[in-house]
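Note sheet for the following structure.
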Amino acid sequence: MDNKKIRFVLVETSSGGNIGAAARAMKTMGLSDLALVNPCEFRTYECYSRASGAAELLDDALVCDSLEVAIADCSLVIGTSARLRTLSWPQIEPHEFEQSFSAAGADAKIAVVFGRERSGLTNSELALCSQLVVIPSVEGFSSLNIAAAVQVLAYEVRRISLRAGAQPVSAPEKTPPGELPAVHEELEHMYKHLESTMVNTGYLDPDNPRMMMPRFRRLFNRAGMNRSEVQLIRGLLASLQKAANRIKAGS
Ligand code: SAH
């Protein structure tokens, strides 16, 4: 497995010390792609001293102002949470990373997203994730320090790399472009297209959306679409829209 394909994203972390400790935790496990969404001031003494020898992760961190930007080029986005959520999102345990990663395909860029120290991830941020990983801690005291959660999940990634390293390596086959996993940005364009077509054809009432878009998102997320499948759906939507326009023009 190529560790460069795995990005850890920290959302609105409020302590520079935690960011530094998270960078150190990542580096010990061979990870280097760190993204920070609206972080606190982190170029501080405390942050760099907690990072210890992992300063380059902080120097090279992708700093962005929204989670959408941090995951735009990722085709598998896994959220993390200290507690079970009411919305029944596909939920995995850390040891199931391997299955999720291999289902996403060798070319997939993967994001693991961590929430705020106090409040975790919002529901709309979780909606951008296709799976949720929960570290099984004790009941009643389930919330780990964010850098500790980063360490546990980085270790799971490390274990996958070690297992992969122990297996004979065969020459990788080149994936045809259409079979590459669709990235987040392509999927978001498809969802916008789906929503507007459903509104235009009268299937979705914007005043009474009935969770239609989150339900479609969950369905498509489960499918793990590749690029040509996204084009297939968009072609269908375009033809439905055209037919609806013809009917409107004729009436
Ligand atoms: N009250 C918050 C806790 C936030 S802890 C909540 O309920 O979500 C800060 C972050 O550390 C979380 O957003 C998550 O990214 C990570 N984290 C903490 N405990 C975790 C656990 N048991 N499993 C997975 N991630 C965890």
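Yeah, the sequence shown ends on 346 if you go by the working numbering, and it's all consecutive. Just so it is clear, CB atoms sit at the ideal spot from N, CA and C, and this is done for glycine as well.
Residue closest to residue i, alpha-carbon to alpha-carbon, out of the options
i    : options                   : result
E188 : R145, E220, Q226 and S170 : Q226
A130 : E234, G200 and V245       : V245
S127 : E283, S110, L239 and A149 : A149
V106 : S176, E141 and Q326       : S176
P134 : S161, T123, A120 and E151 : S161
R317 : E268, P272 and A222       : A222
P271 : R211, L216, Y298 and S323 : S323
F236 : R310, R178, E151 and V164 : R178
G210 : G297, A117 and K100       : A117
V204 : D168, E136 and L239       : It should be noted that the sequence gives Lys, not Val, for residue 204. When only C-alpha atoms are compared, the closest one is D168.
P279 : M121, D155, A165 and L153 : In the sequence on display, residue 279 carries His and not Pro. The candidate whose alpha carbon is nearest that of H279 is A165.
F196 : E274, V104, M96 and E290  : M96
E290 : R138, R310 and E274       : R310
I101 : E268, V252 and A198       : V252
E191 : Q336, F137, V132 and V228 : V228
A339 : T296, R329 and N303       : T296
M124 : E136, L152 and V132       : L152
E163 : D155, V132 and A156       : V132
C-alpha gap between residue i and residue j, whole angstroms
i    : j    : result
A249 : M293 : 41 Å
A333 : K287 : 12 Å
I255 : N218 : 29 Å
R145 : N321 : 40 Å
Q186 : M306 : 20 Å
S110 : C142 : 8 Å
S214 : V158 : 20 Å
S232 : A243 : 12 Å
P301 : D202 : 37 Å
E220 : L257 : 31 Å
T84  : A261 : Since the first residue of the chain shown is 96 and the last is 346, residue 84 is not available in this structure.
A259 : E136 : 38 Å
W184 : L314 : 11 Å
K269 : S147 : 39 Å
L331 : N303 : 24 Å
I328 : E283 : 13 Å
A198 : S170 : 11 Å
G115 : N98  : 20 Å
G319 : K122 : 29 Å
G345 : R312 : 33 Å
V104 : A206 : 7 Å
Any non-hydrogen atom of ligand 1 closer than 7 Å to residue i Cβ
i    : result
S237 : yes
T175 : yes
V172 : no
E193 : no
I230 : yes
S241 : Sequence check: residue 241 is Ile here, not Ser. Checking every heavy atom of ligand 1 against the Cβ of I241, one is found closer than 7 Å.
S214 : yes
G210 : yes
A244 : yes
R178 : yes
Proximity test, residue i beta-carbon vs ligand 3 heavy atom, cut-off 7 Å
i    : result
E274 : Absence of ligand 3 is noted for the structure shown, with ligand 1 being the only ligands found.
Close Cβ partners of residue i (< 6 Å) along its chain, the five nearest in sequence each way excluded
i    : result
L299 : M293 and M307
V325 : A277, E281 and M285
N113 : I241 and A242
N120 : Reading off the sequence, residue 120 comes out as Ala, not Asn. A242, V245, Q246 and A249.
K343 : none
Same chain only: Cβ atoms within 8 Å of residue i, ignoring 5 sequence neighbours per side
i    : result
V247 : P189, I230 and L239
T139 : G111
G273 : N321, R322, S323 and Q326
Contacting residues, own chain, Cβ-Cβ under 7 Å from residue i (five flanking each side not counted)
i    : result
G200 : P276
C224 : V172, I173, G174 and V208
E193 : I255
L335 : T292 and T296
I216 : Here residue 216 turns out to be Leu, not Ile, going by the sequence shown. Cβ neighbours of L216 beyond the five flanking positions: V106, G174, S176, V208 and G210.
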